[in-house]
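Each residue of the sequence shown is one higher than the one before, starting from 189 at the first, in the working numbering.
Down below is the structure, laid out as structure tokens.
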Amino acid sequence: MWRHLRAEPACSGRTCDRYAKMKLRETHLVRLSQEVFDVCILGGGINGAVSAASLAARGVRVALVDKGDFAGATSQASSNLAWGGIKYLETFELELVRKLCRARNRLSLAYPSTVEPIGFYMVRPKGFRHARFLMWVGTWLYWFVGGCFTKAPRLLSNKRIEQEEPIIDTECATGGIEYFDAFLHDNDARFVWNFVRGALDWGAVAANYVEVTRAARDASGVFHLAARDNISGRDIDVHARVVVNACGPFADVVNAQLGIETKHKHLLSKGVHLVVRQLTPSRRVLTFFADDGRLFFMIPMGPRTCIGTTDTPSETVETEPTPEDRHLVLRNINLRLKIQVPLTERDIIAERCGVRPLAVLKDKGQPGAVADWAHLSRRHVIECTGNVLTIFGGKITDCLNVGEEVFAIVQRLGIAPPFPEARWYGEPPPSVRDEFLRQASLMKLDAMTPKASSESLSKRLWRRYGGEAIGLLESIREDPRNAELLIENAEYVRCEIEQAARREMVVKLEDFLRRRSKIAMVVSKEILRNAEGLEEACEILFGEEAKAKLEEYFTPKV
Ligand SMILES: Cc1cc2nc3c(=O)[nH]c(=O)nc-3n(C[C@H](O)[C@H](O)[C@H](O)COP(=O)(O)OP(=O)(O)OC[C@H]3O[C@@H](n4cnc5c(N)ncnc54)[C@H](O)[C@@H]3O)c2cc1C
């Protein structure tokens, strides 16, 4: 059955079982050690999440574990773009661009309310390495390679830039070009979660904060995976016929632990974004060339602007933004904007930092010059060693292809799915959306939209929850206070938090504030600490543990 039609009514404030979220994870922890799975997926970033959804929808028995929270690593640190990679035209990776454009088009068609078309307003600096005409030709080539799917590119004079985007300093510019791609309206991590939720609805067994440390294979070919619940410290044994290593930048370490030899490995590239106040009301990605010649973006993020990114080699997976990273991002943006007072560290509301796992062949060695580094390919590779698949590299944009490829390989390994043709991604059909909108309009939902919201409540609930949003309407009908904002500026209403408590495996406050929602990206920690509704939100999420979870969140990590 179509998963989005199985919308359970959300619980209302007073009737909600406040411990349901513990039940969800606990139940899955027990099942993890009791069943023998066809496939166990390690890592719940985008690649693990799509693999789980693609396999579970087809009836494959799937386990999915992540050593931290789902999307807690690279998949929460992206630029939120679904894009064809125009910059790879420079390295003549036409085939990669064609594939990424097709992947972008497919995502946009499957998720029309989440993956939104957006203009990239690219400014050409004086003395740039490519002539304006060449860039103009390049954007048209990009448009053709992308199947003419987006709006066509537009040439910009300095005068037009000044009229349309007065914040851009045109002194050092020689016009520009607007071309079109797409972006994830809510957040990359939320996008990932929706695949995990889909996999759960199709019967997958999943748990966050479960780390796999070792594996052995018995005579019948079944893997015995030794795992640890990182919350309770308990050991768990998971049994599966096939293992998918979707640990992103950790994949090489995990393969070493599992004793798996591969031809590929990862090189890591660190990327930092800074979130600041909204710098321009326009819904475009302002696109500049940074001092080192790389593309550099100002991306809309709800009521804020996200600036970045850096692209520097990293030896380690766990990284934090350094003062140099912040300086680099702020310097690059201050040089290109007309703002009276330049942005400083004090203007930073939140930071996003992660490492890109870049797939390279082991015998190709380390990249030497910086230019080689920036030009390393962003393609993905799935390598199969016996019954272990490792997913190397890739982009969120390409996630549907990863899901399909993993499914095809698992089939080749002898796992026969009962529903090979089942659809595993995409928003519910228009008939479900129309029914949601009809019910929302009958109860005058949009009149309840909290003041200062950037869009109507019905639009937002539909985008975030698809068919599950029908259950939220039921909750608001029961008690209109469920349509109230709990935390100012956060754009999350009470019934959404109750839904998260029940259905979204929130273990720590950060899971909700940073990944199920993007509250921690748009409201600074200082403001959050004093936010009136935060305690109530915590009680809904954690019941008696609310105080401890609040403290855990605000205690600086050492
Ligand atoms: C700065 C930046 C900007 C980017 N921008 C874009 C963009 O705009 N568009 C785009 O398409 N792509 C973008 N990307 C690329 C994209 O974000 C990544 O390719 C993608 O998120 C990688 O996902 P993943 O699932 O492979 O890895 P991850 O998201 O890192 O997931 C791996 C998971 O494995 C878990 N794990 C590790 N070890 C274990 C273990 N032993 N047991 C269990 N679990 C384990 C980790 O906890 C982690 O959650 C960007 C990347 C960066 C860094």
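Note that CB positions come from ideal geometry on N, CA and C, so glycine has one too.
Looking only at its chain, what residues have a beta carbon closer than 6 Å to the beta carbon of residue i, apart from the 5 residues adjacent to it on each side?
| i | result |
| --- | --- |
| Phe-730 | Lys-737 |
| Lys-458 | Thr-500, Ser-502, Thr-507 and Val-543 |
| Asp-699 | Asp-257 |
| Asn-375 | Lys-706 |
| Gly-556 | Any reading at Gly-556 must be qualified, since the residue scores a pLDDT of 43, below 50, and its modelled position is unreliable; the value itself is stated next. Answer for Gly-556: no residue qualifies. |
| Gly-721 | Leu-674 and Ile-675 |
| Leu-455 | Leu-546 and Val-548 |
| Ile-234 | Ser-263, Val-380, Ile-584 and Cys-587 |
| Thr-468 | Ile-355 |
| Ser-470 | none |
| Asp-622 | none |
| Arg-472 | Gly-307 and Tyr-309 |
| Glu-740 | none |
| Lys-745 | none |
Confirm the yes/no value for this check: CB of residue i, any heavy atom of ligand 1, distance under 7 Å.
| i | result |
| --- | --- |
| Asn-165 | This structure cannot speak to residue 165, because the chain is shown only from 189 to 746. |
| Arg-703 | no |
| Ile-495 | no |
| Arg-682 | no |
| Val-400 | yes |
| Gly-602 | no |
| Ile-521 | no |
| Asp-513 | no |
| Cys-360 | no |
| Gly-326 | no |
| Arg-544 | yes |
| Pro-437 | yes |
| Leu-217 | no |
| Lys-453 | no |
| Lys-737 | no |
| Lys-583 | yes |
| Asn-418 | no |
| Ile-675 | no |
| Val-442 | yes |
| Asp-423 | no |
| Lys-255 | yes |
Apart from the five residues just before and just after residue i, which ones in its own chain have a Cβ nearer than 8 Å to its Cβ?
| i | result |
| --- | --- |
| Ile-349 | Tyr-309, Val-311, Ile-356, Thr-358, Ala-361, Gly-363 and Gly-364 |
| Arg-519 | Asp-479 |
| Met-489 | Asn-268, Val-463, Lys-706, Met-709 and Val-710 |
Starting from residue i, follow the alpha helix (DSSP H) in both directions and report where the run begins and ends.
| i | result |
| --- | --- |
| Phe-752 | Because the chain is modelled from 189 through 746, residue 752 falls outside the range shown and cannot be assessed. |
| Leu-132 | Given that the chain is displayed from residue 189 to residue 746, the structure contains no residue 132 and the question cannot be resolved. |
| Glu-724 | 722–730 |
| Leu-282 | 282–298 |
| Val-137 | Residue 137 is absent from the model: the chain starts at 189 and stops at 746. |
| Glu-539 | No alpha helix (DSSP H) holds Glu-539; the beta strand (DSSP E) holding it covers 538–549. |
| Ile-664 | 657–666 |
| Gln-445 | 439–446 |
| Glu-714 | 713–717 |
| Ala-708 | 707–710 |
Got a sec? Which residues, its chain only, sit under 7 Å from residue i by beta carbon, not counting five neighbours each side?
| i | result |
| --- | --- |
| Lys-451 | Leu-549, Lys-550 and Glu-571 |
| Val-558 | Any answer about Val-558 is weak, because its pLDDT of 41 lies below 50 and its placement is not dependable; what the coordinates show is given next. The answer is none, since no qualifying residue turns up. |
| Glu-320 | Reading off the sequence shown, one finds Arg at residue 320, where the question assumed Glu. Within the same chain, Arg-320 has close Cβ partners Arg-312, Thr-362 and Gly-363. |
| Arg-171 | Limits of the chain in this structure are 189 at one end and 746 at the other, which puts residue 171 out of reach. |
| Leu-531 | Val-464, Leu-518, Ile-521 and Asn-522 |
| Ser-200 | For Ser-200, the predicted structure reports a pLDDT of 43, less than 50, and the residue's modelled location is therefore unreliable. A value from the coordinates is still provided. Answer for Ser-200: Ser-663, Glu-666, Asp-667 and Asn-670, listed in chain order. |
| Ile-685 | Leu-674, Ala-725, Ile-728 and Leu-729 |
| Thr-573 | Ile-448, Glu-449 and Thr-450 |
| Val-505 | Pro-437, Phe-438, Leu-456 and Val-543 |
| Gln-466 | Pro-491, Arg-492 and Thr-493 |
| Met-693 | Lys-209, Leu-212, Arg-213 and Asn-396 |
| Ala-244 | Val-250, Ala-387, Trp-390, Gly-391 and Ala-392 |
| Tyr-207 | The predicted position of Tyr-207 is uncertain, since its pLDDT is 47 and thus under 50; a value taken from the coordinates is nonetheless stated next. If we look at Tyr-207 and ignore the five residues flanking it on each side, its Cβ neighbours are Gly-731. |
What are the start and end residues of the beta strand (DSSP E) that includes residue i?
| i | result |
| --- | --- |
| Ile-419 | Neither: Ile-419 is in no beta strand (DSSP E) and is coded neither H nor E. |
| Val-695 | Looking at the DSSP string, Val-695 is not in any beta strand (DSSP E), and its letter there is neither H nor E. |
| Ile-306 | 303–313 |
| Val-681 | Per DSSP, Val-681 belongs to no beta strand (DSSP E) and is neither H nor E. |
| Glu-399 | 398–405 |
Should residue i be listed as close to ligand 2, given that the test is whether its C-beta is under 7 Å from any heavy atom?
| i | result |
| --- | --- |
| Glu-353 | Questions concerning ligand 2 fall outside what the structure shown contains, since the ligands it does hold are ligand 1. |
For chain B, check one thing: does any of its Cβ atoms lie closer than 8 Å to the Cβ of residue i?
| i | result |
| --- | --- |
| Lys-550 | Within the model displayed, chain B is absent; a lone protein chain is all it includes. |
Discussion item. Quick check for students: name the residue ranges of the beta strand (DSSP E) that lie wholly in the segment 206–252, counting only runs of 3 or more.
Written reply: 224–230
Discussion item. I'd like the ranges of any alpha helix (DSSP H) spanning at least 4 consecutive residues and lying wholly in the segment 571–649.
Written reply: 587–600 and 618–630
Discussion item. Going residue by residue through the segment 463–505, where are the continuous beta strand (DSSP E) segments of at least 3 residues, counting only ones entirely within it?
Written reply: 472–477, 483–489, 492–496 and 500–502
Item to complete: Jot down the residue ranges of each uninterrupted beta strand (DSSP E) in the segment 345–394, minimum 3 residues, whole runs only, in chain order.
Response: 361–372
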